[in-house]
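Student: Each step along the sequence shown adds one to the number in our numbering, with nothing skipped, and position 72 is 72.
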Amino acid sequence: MNFKNTRNFFVKFFATCFSLGYSPIFPGAVGVAFGVLIAYLVHPLPLFNKILITLILIILAVPLSTKAEKLFQKKDCKKIIIDEVVGVLIATIWFANLSVVMFISILFIYGLFDAIKIYPANVSEKLYGGWGIVIDDIIAGVYTALTIFFIVKFV
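Here it is in structure tokens:
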């Protein structure tokens, strides 16, 4: 295997979150579930560490998604699910004490916001390459975080 093939393999491997994006049924939902698992694992960390992990993942996700989109030869290919992980992290990193029930709720809340693409998410997904793939999920993550805040504060 030459360097180009190896590089392309790893781009796809990480953009699909260790090949979970190849799921034949609802790869986006698999990405959200994987994102919830990652968020649950980083949840005990201090806020600074969670923000740092999320920023690093965003910095990696944009070029990985751009390259993976070219390799899959499809705009916003559904196999690319690293963006769902970023979105779920954006939704959860701000909270110190989320219960398992809240993490399960986030699975559905985030999934809903990601699916319906409320403005400006619907416009941002038209951006070039990885930017369009990742930014709409960041926006869905922000909407989810706001929803969680209101649930925790008022329910």
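Glycine included, C-beta positions come from ideal geometry on N, C-alpha and C.
Using alpha carbons as the reference points, say which of 127, 4, 147, 149 lies closest to residue 66.
Tutor: Position 66 of the sequence shown, counted from the first residue, corresponds to residue 66. Nearest C-alpha to residue 66: 127.
Student: Please classify residue 119 as buried or exposed, where buried requires at least 16 other C-beta atoms within 10 Å of its C-beta.
Tutor: Stepping through the sequence shown from its first residue, residue 119 is reached at position 119. Exposed, since its Cβ has fewer than 16 Cβ neighbours within 10 Å.
Student: On the premise that residue 68 lies in contact with residue 134, defined as a C-beta separation below 8 Å, what is that separation, rounded to the nearest angstrom?
Tutor: Here residue 134 refers to the residue found at position 134 when the sequence shown is read from its first residue. Here residue 68 refers to the residue found at position 68 when the sequence shown is read from its first residue. No, residue 134 and residue 68 are not in contact; Cβ-Cβ is about 11 Å, not under 8 Å.
Student: Applying the criterion that 16 or more other CB atoms from any shown protein chain within 10 Å of the CB defines a buried residue, is residue 115 buried or exposed?
Tutor: Locating residue 115 in the sequence shown gives position 115, where the first residue counts as 1. By the 10 Å Cβ count, residue 115 comes out exposed.
Student: I'd like the ranges of any alpha helix (DSSP H) spanning at least 4 consecutive residues and lying wholly in the segment 55 to 110.
Tutor: Those alpha helix (DSSP H) runs which fall completely within the segment 55 to 110 and span 4+ residues are 82 to 92.
Student: Answer with yes or no whether the minimum CB distance from residue 66 to chain C is below 8 Å.
Tutor: Absent here is chain C; the protein component of the structure consists of one chain.
Student: Round the Cβ separation of residue 141 and residue 59 to the nearest angstrom and send it over; I've been treating them as touching at under 8 Å.
Tutor: Your numbering for residue 141 matches position 141 in the sequence shown. Your numbering for residue 59 matches position 59 in the sequence shown. In fact, because the Cβ distance is near 16 Å, the residues do not count as touching under 8 Å.
Student: Inspect the CB distances between the segment 96 to 112 and the segment 2 to 18 and report whether three or more fall short of 8 Å.
Tutor: Touching, no, given that fewer than three Cβ pairs across the two stretches are closer than 8 Å.
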